[in-house]
Amino acid sequence: MIVLTIALLLTLIALGFNQPLLWLVAAGIAYFLIRRHDRAAVKGGMSGARSGSGSGMSTPASYRDYRIRRSRQERWDRRYRRTHPSAQQRRK
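Read in the working numbering, the sequence shown has 4 at position 4, and its numbers run on one by one without any break.
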């Protein structure tokens, strides 16, 4: 699909040398293509929230996602404190 869209854009640009309106159509298609790509990147970033720590992640999409992530982080913290008691002594 993306290959066809890029081919369409290149065709519109090539034909636009005679009709500048085609350049405007190509610019509009490119704009919507980039917007769709940005939205997909944001949605794709949420799937990584299940696998790792909270550093470097985007904000959750909903309060439910936030609560799930927060409860997982709290469980991990409790487990870490239980299995690494010497880490607490160093922090104090």
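Idealized CB from N, CA, C, for every residue including glycine. None of these values were measured; they are calculated from a predicted model.
- In the assembly as shown, L24 is an exposed residue. Its beta-carbon has fewer than 16 other beta-carbons within 10 Å.
- Close CB contacts of A87 within its chain, under the 8 Å cut and outside five residues either way in sequence, are with Y80 and R81 (chain order).
- When the five nearest sequence neighbours on each side are left out, the beta carbons in the same chain lying within less than 8 Å of the beta carbon of I29 are those of T5, L8, L9 and L12, in order along the chain.
- Here A40 is exposed. Its C-beta has fewer than 16 other C-beta atoms within 10 Å.
- Note that the C-beta distance between P60 and R69 is below 8 Å.
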